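Residue numbers (the numbering used here): 742 to 955.
Here it is as structure tokens:
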């Protein structure tokens with residue numbers, strides 16, 4: 742009986758020793774993880790542009806060639822529509838964009854861990870990339886400030902800028918930035934340019950069906 746008690750006490754002592762060891766190293770690894778993330782963030786953030794004037798960034802120019810009678814002959818460069826604000830658009834247009842691009846847009850702080858995990862699961866099941874994990878905030882940051890390069894540095898800077906945008910602007914402002922900058926095919930940048938290109942109307946006059954297509 743005494744031996745059984747001793748064995749039990751020894752077992753409990755070993756369990757406590759193992760638990761202390763695990764907790765100690767978990768804490769140590771967590772500290773080092775924070776330090777490494779801080780160093781990497783500082784290294785990649787030092788040359789990033791300020792997001793203070795994100796709403797005022799000049800878009801790339803385009804040239805429209807007109808005939809003598811004033812009719813449009815051709816356009817050179819990117820097609821840019823008028824700047825729009827999300828509040829001036831029919832509600833179903835931004836709703837359609839959010840449903841397609843970032844369903845949790847109003848519930849995250851620029852980076853959606855749940856969305857990233859969901860995209861990873863779908864891509865693994867499909868055996869190829871069928872869904873991205875970038876939020877609207879990340880895409881707005883990329884369209885405003887970064888190149889399309891697929892590098893770790895560019896992606897990490899995108900995450901930093903997305904977080905900064907979330908700290909400086911409201912969700913509606915970020916969505917406005919995105920809607921004015923997103924590439925929608927055929928050389929069009931922004932929903933107004935796309936609406937005029939594909940349907941011959943400004944973005945504020947798009948129907949539900951047209952908004953769903955864009």
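Yeah, the Cβ is synthetic: ideal placement off N, Cα and C, and Gly gets one too.
Model, not experiment: these values are computed from the prediction.
- To the nearest angstrom, report how far apart residue 838 and residue 776 are at their CA atoms. C-alpha separation (whole angstroms): 37 Å.
- Query: Are the CB atoms of residue 781 and residue 897 nearer to each other than 8 Å?
  - Reply: Contact flag set, yes.
- Item | Cβ-Cβ distance between residue 920 and residue 882 below 8 Å | No; because the gap between Cβ atoms is not below 8 Å, this pair is not in contact.
- Item | Per-residue burial, residue 942 [other beta carbons within 10 Å of its own, 16 or more giving buried] | With fewer than 16 other Cβ atoms from the protein chains shown falling within 10 Å of its own Cβ, residue 942 counts as exposed.
- Message: Please return the same chain residues whose Cβ sits closer than 6 Å to the Cβ of residue 857, not counting the five positions on each side in sequence.
- Response: 874
- Query: Does DSSP put residue 893 in a helix, a strand or coil?
  - Reply: helix
- Query: residue 910 by DSSP, collapsed to three states: which one?
  - Reply: coil
- Query: Are the CB atoms of residue 877 and residue 842 nearer to each other than 8 Å?
  - Reply: yes
- So residue 952 packs on residue 785, CB below 8 Å; how close in whole Å? Contact doesn't hold; Cβ gap of about 36 Å is too wide.
- Message: Do residue 825 and residue 696 have their beta-carbon atoms positioned less than 8 Å apart in this structure?
- Response: With the chain running from 742 to 955 in the structure shown, residue 696 is simply not present.
- Query: For residue 817, does the three-state DSSP call read helix, strand or coil?
  - Reply: For residue 817, the predicted model reports a pLDDT of 47, less than 50, meaning its position is unreliable; a value from the coordinates is still stated below. The answer is strand: DSSP assigns residue 817 an E or B state.
- Whose CA, out of 844, 850 and 851, lies closest to the CA of residue 859? 844
- Leaving out five residues on either side along the sequence, give the residues of the same chain with a beta carbon under 8 Å from the beta carbon of residue 922. 800, 881, 884, 885, 930 and 931
- Assign residue 926 to one of two classes, buried (16 or more other C-beta atoms within 10 Å of its C-beta) or exposed (fewer than that). Burial state of residue 926 is exposed, judged by a 10 Å Cβ sphere holding fewer than 16 other Cβ atoms.
- Query: With 8 Å set as the bound, which would you pick, yes or no: does the beta-carbon of residue 780 sit closer than that to a beta-carbon of chain D?
  - Reply: Absent from the structure is chain D; it holds one protein chain and no more.
- Give the range of the alpha helix (DSSP H) segment to which residue 841 is assigned. 833 to 842
- Message: I'd like the list of long-range same chain contacts for residue 913, defined as Cβ closer than 6 Å, with 5 residues on each side in sequence excluded.
- Response: 827
- 8 Å contact criterion, which residue 783 and residue 851 should meet: CB distance rounded: The Cβ separation is near 18 Å, so there is no contact.
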